[in-house]
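Heads up: the structure comes next, in structure tokens.
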Amino acid sequence: VYVTALVDDGAMVAAMDVNTYRELEGKIGGWGTSNRRMRMADGRLVPAIASWSGTVSIKGIEAPASFEVFDSGGSWSLLFGKPLLEQFKAVHEYQNDTIRITDGKKLKMVFN
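Everything in the sequence shown is counted per my numbering, starting at 3 for the first residue and increasing by one.
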């Protein structure tokens, strides 16, 4: 399943918007419940609706991942935060706004 993600190296969680969740719920497994709450930039606490755990693949590089599902208000479909960036051993080159990811064997460039 292909989903466009927003990379945010300041986000301390990987998250999925509720609308993306509704599109994927019957197509893929790995869903579970969640008791977590996400603190928004404005200080609000937003409860997670569900969670997902599985494998994420980017340009042929795979890593285990977990996402919290909540209503982002349509701001993004998938929030690729710090936990996922760490899983993919990502290096963000700010000068040309590219991200390098690796699995230790292959190295790929991703444009932000």
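From the three backbone atoms N, C-alpha and C, an ideal C-beta is built for every residue, glycine too.
- Where R41 is concerned, there is no enclosing alpha helix (DSSP H), although the beta strand (DSSP E) around it starts and stops at R39 to R41.
- Leaving aside the five residues that flank T35 on each side, the residues in its chain whose CB is nearer than 8 Å to its CB run, in chain order, A52 and S53.
- Secondary structure of K29 (DSSP, three-state): coil.
- A check of alpha carbon separations from L86 across I30, S68 and S79 identifies S68 as the nearest.
- Per the DSSP secondary-structure output, W54 pairs in a beta bridge with W33 and F69.
- Remark: C-beta atoms of H94 and D11 approach each other more closely than 8 Å.
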